[in-house]
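Colleague:
There are 2 protein chains.
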Amino acid sequence: MPKNKEKPAENKLNFETSLGEGVHSQLKDAIREGRYSPGERIREAEVAVWLNVSRTPVREAFRRLQSDGLIILTPWRGAQVAELDRNQVVELYAMRRVLEGTAAGFAALHATDAEIDYLFELLRQDEIAKGDPAVQANLNRLFHETLYAAARNRYLLKASNALADSLALLRSTTYEIPGRPDTARQEHLLIVNAIKEGNSDKADLFARAHIEKATQARLALLFEE
Amino acid sequence: MPKNKEKPAENKLNFETSLGEGVHSQLKDAIREGRYSPGERIREAEVAVWLNVSRTPVREAFRRLQSDGLIILTPWRGAQVAELDRNQVVELYAMRRVLEGTAAGFAALHATDAEIDYLFELLRQDEIAKGDPAVQANLNRLFHETLYAAARNRYLLKASNALADSLALLRSTTYEIPGRPDTARQEHLLIVNAIKEGNSDKADLFARAHIEKATQARLALLFEE
DNA sequence: TTTTATTGTATACAATATAATACAATTAAG
DNA sequence: CTTAATTGTATTATATTGTATACAATAAAA
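These protein sequence lines map, in sequence, to chains A and B. Per our numbering, the very first residue in the first sequence carries number 195; after that it's consecutive. Per our numbering, the very first residue in the second sequence carries number 195; after that it's consecutive.
What follows is the structure in structure tokens.
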């Protein structure tokens, strides 16, 4: 029996170009939003009835997802959402540490006053949203997006986007961990203060430390349960 | 009159998938190798006769190159190889500084003895190739590739590849500048020594300094002639 | 202004990809 | 061993794309 993979609203339809492409993006969203979890099997027929197409475009979408690294296709067992092994997670976070640090450092040099105010505002809202991890996770996303925008470097954005798909595989938020949202907010505050000071090295350092802590939380969540 | 854009060997033919794709990769190579220089106009008909196809696949290739950011299409004036303005060059090198520093830092942690030996060997060959900028530029490329491989981080590679196209736009080597190859070799030596010591921070720092110098050379080459 | 070079647009036909369906092969469960 | 569920494969018709060609529109040069 198919579980509830469906989004409430204008689901089902997608005619940008080909059906295969539509299925691809729908499944990508589903994985990104955690409606399919890592390791879970994705059945062709199930997706086909869900999106009201035949199995052929689903299979085409599977091939794309495989080359994205989002699923693993094995003969006669079909598709499973990819799982990152410990090494991959470590490598991924090592890179995130570099990129977030860079973003913070660059932002310290280039952020406008409005952007800095907005970052503080996001932290205030985060304080208010205490106890609602979903809202907090969303505010967290906004925070990091604003940081990257304030960095004023289109190539930093490109580099970051190159990692987005892989990051989607572990989007089950660390904000579920008790106490994590509060420490995260404090870490963010240090970063924004450094940006306000215009101290690039300090912002870089605090951002790296922040991701370092996030890495620990992530690894604990994944491999030591 | 069409200039000599042709490669000597097995040119003309390319049938991987579609003609448009073939034209796209041929033009990409041509730009990367400097057979078309930034700002230069690319005429549809010229490319068509060169590669022995009609204008239609050439136009399709143009659209791809545009979305790669390699050419600029303006109505009724067609395609010109994109030029990076000073800002873009600065942003690009800022990112290169980060990525090369990271690669060197990671390499200090993960490089094998064989890889370190190979890096030294490349520098020896560079010493021998004195006075031959073409060979030296190639050795330089090998050096950086080896560095990235030794860093053992697939996401660093992804991030780096995301910038590759833009970098191609300024591949007219800085090695033409008198004295530049020698200083570059010395800077490389500092990096490899730090890697051999396993000193990650030092390797990172020296690599950043190296790119910093390269940036100066590049900007001087581009904007102060 | 007239001419020429070059790009944009339209058309026609062939080639290919897409999508649905039916059926065979394989695995895992009973 | 048999059966049920699921994936791989093959076959079709249809839609889309690729390609070449001819012609119109535009811009730059004479």
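All C-beta atoms in this analysis are idealised placements derived from N, C-alpha and C, irrespective of residue type, glycine included.
What number of angstroms, rounded off, separates the C-alpha of Gln410 (chain A) from the C-alpha of Gly228 (chain B)?
Modeller: In the first sequence, the residue the question calls residue 410 (chain A) occupies position 216. In the second sequence, the residue the question calls residue 228 (chain B) occupies position 34. Their Cα atoms are separated by approximately 46 Å.
Colleague: Rounding to the nearest angstrom, what Cα-Cα distance links Thr250 (chain B) and Leu213 (chain A) in this structure?
Modeller: Locating residue 250 (chain B) in the second sequence gives position 56, where the first residue counts as 1. Locating residue 213 (chain A) in the first sequence gives position 19, where the first residue counts as 1. Spanning the two alpha carbons is a distance of roughly 26 Å.
Colleague: So is Asn334 (chain B) buried or exposed if we call it buried at 16+ other beta carbons inside 10 Å?
Modeller: On the second sequence, residue 334 (chain B) is found 140 positions in, with the first residue counted as 1. Around the beta carbon of Asn334 (chain B), a 10 Å sphere encloses 16 or more other beta carbons of the protein chains shown; the residue is thus reported as buried.
Colleague: Note down, in chain order, all residues in the segment 343-375 of chain A with a beta-carbon under 8 Å from any beta-carbon belonging to chain B.
Modeller: Arg346, Asn347, Arg348, Tyr349, Leu350, Lys352, Ala353, Ser354, Asn355, Ala356, Leu357 and Ser360
Colleague: Taking one C-beta from the segment 384-391 of chain B and one from the segment 299-308 of chain B each time, how about it: are there three or more such pairs within less than 8 Å?
Modeller: yes
Colleague: If we define contact as Cβ-Cβ less than 8 Å, is Glu406 (chain A) a contact residue for chain B?
Modeller: Here the question's residue 406 (chain A) lines up with position 212 in the first sequence. For Glu406 (chain A), no Cβ of chain B is located within less than 8 Å of the residue's own Cβ.
Colleague: Do we get a CB-CB distance below 8 Å when we pair Thr211 (chain A) with the residues of chain B?
Modeller: Translated into the one-based positions of the first sequence, residue 211 (chain A) becomes position 17. Output row for Thr211 (chain A): interface = no.
Colleague: Less than 8 Å between the beta carbons of Ala401 (chain B) and Gly295 (chain B), yes or no?
Modeller: For the purposes of this step, residue 401 (chain B) is identified with residue 207 of the second sequence, where counting begins at 1. For the purposes of this step, residue 295 (chain B) is identified with residue 101 of the second sequence, where counting begins at 1. Result yes, Cβ atoms of Ala401 (chain B) and Gly295 (chain B) sit closer than 8 Å.
Colleague: DSSP three-state call for Val275 (chain B): helix, strand or coil?
Modeller: Locating residue 275 (chain B) in the second sequence gives position 81, counting from the first residue. Three-state DSSP puts Val275 (chain B) in a strand.
Colleague: Using the three-state DSSP reduction, which class does Thr268 (chain A) fall into: helix, strand or coil?
Modeller: Locating residue 268 (chain A) in the first sequence gives position 74, counting from the first residue. Strand at Thr268 (chain A).
Colleague: Distance cutoff 8 Å, beta carbons only. Does Thr409 (chain B) sit that close to anything in chain A?
Modeller: Translated into the one-based positions of the second sequence, residue 409 (chain B) becomes position 215. With 8 Å as the cut-off, Thr409 (chain B) does not count as an interface residue toward chain A.
Colleague: Starting from Arg257 (chain B) and walking both ways along the alpha helix (DSSP H), at which residues does that stretch end?
Modeller: Here the question's residue 257 (chain B) lines up with position 63 in the second sequence. Per DSSP, Arg257 (chain B) belongs to the alpha helix (DSSP H) from Arg249 to Asp262.
Colleague: I'd like to know whether the C-beta of Glu254 (chain A) is nearer than 8 Å to at least one C-beta of chain B.
Modeller: By one-based count along the first sequence, residue 254 (chain A) stands at place 60. Not closer than 8 Å to any Cβ of chain B, the Cβ of Glu254 (chain A) fails to qualify, so no.
Colleague: Who are Ile236 (chain B)'s beta bridge partners in DSSP?
Modeller: Sequence index remark: in the second sequence, residue 236 (chain B) carries index 42 (1-based). Answer by DSSP bridge pairing, in chain order: B:Ala273.
Colleague: For Asn246 (chain B), is the classification buried or exposed, using 16 other Cβ atoms within 10 angstroms of its Cβ as the cut-off for buried?
Modeller: Here residue 246 (chain B) corresponds to residue number 52 of the second sequence, with the count starting at 1. Exposed, because fewer than 16 other Cβ atoms sit within 10 Å of the Cβ of Asn246 (chain B).
Colleague: Report the rounded CA-to-CA distance for Tyr349 (chain A) versus Leu350 (chain B), giving the unit in angstroms.
Modeller: If you number the first sequence from 1, residue 349 (chain A) lands on position 155. If you number the second sequence from 1, residue 350 (chain B) lands on position 156. Distance between the alpha carbons of Tyr349 (chain A) and Leu350 (chain B): 14 Å.
Colleague: Step through the CB atoms of chain A and report whether any lies within less than 8 Å of the CB of Val292 (chain B).
Modeller: Along the second sequence, one-based indexing puts residue 292 (chain B) at 98. Yes, its Cβ sits closer than 8 Å to a Cβ of chain A.
Colleague: Would Leu416 (chain A) count as contacting chain B if we go by Cβ distances under 8 Å?
Modeller: Taking the first sequence and counting its residues from 1, one reaches residue 416 (chain A) at position 222. No, its Cβ sits nowhere closer than 8 Å to a Cβ of chain B.
Colleague: Output yes or no for whether 8 Å exceeds the beta carbon distance between His218 (chain B) and Arg258 (chain B).
Modeller: Residue 218 (chain B) sits at position 24 when you count from the first residue of the second sequence. Residue 258 (chain B) sits at position 64 when you count from the first residue of the second sequence. Cβ atoms of His218 (chain B) and Arg258 (chain B): closer than 8 Å.
Colleague: Confirm, please, whether the CB-CB distance from Thr340 (chain B) to Glu321 (chain B) is below 8 Å.
Modeller: For the purposes of this step, residue 321 (chain B) is taken as residue 127 along the second sequence, with counting starting at 1. For the purposes of this step, residue 340 (chain B) is taken as residue 146 along the second sequence, with counting starting at 1. No, the pair does not count as a contact, with Cβ atoms beyond the cut-off.
Colleague: Quick check on Glu309 (chain B) - is its C-beta less than 8 Å from some C-beta in chain A?
Modeller: Position 115 of the second sequence, counting from 1, holds the residue named residue 309 (chain B). It does not: the Cβ of Glu309 (chain B) has no partner Cβ on chain A nearer than 8 Å.
Colleague: Applying the criterion that 16 or more other CB atoms from any shown protein chain within 10 Å of the CB defines a buried residue, is Ala467 (chain A) buried or exposed?
Modeller: With chain A represented from 195 up to 419, any question about residue 467 (chain A) goes unanswered, as that position is not in the structure.
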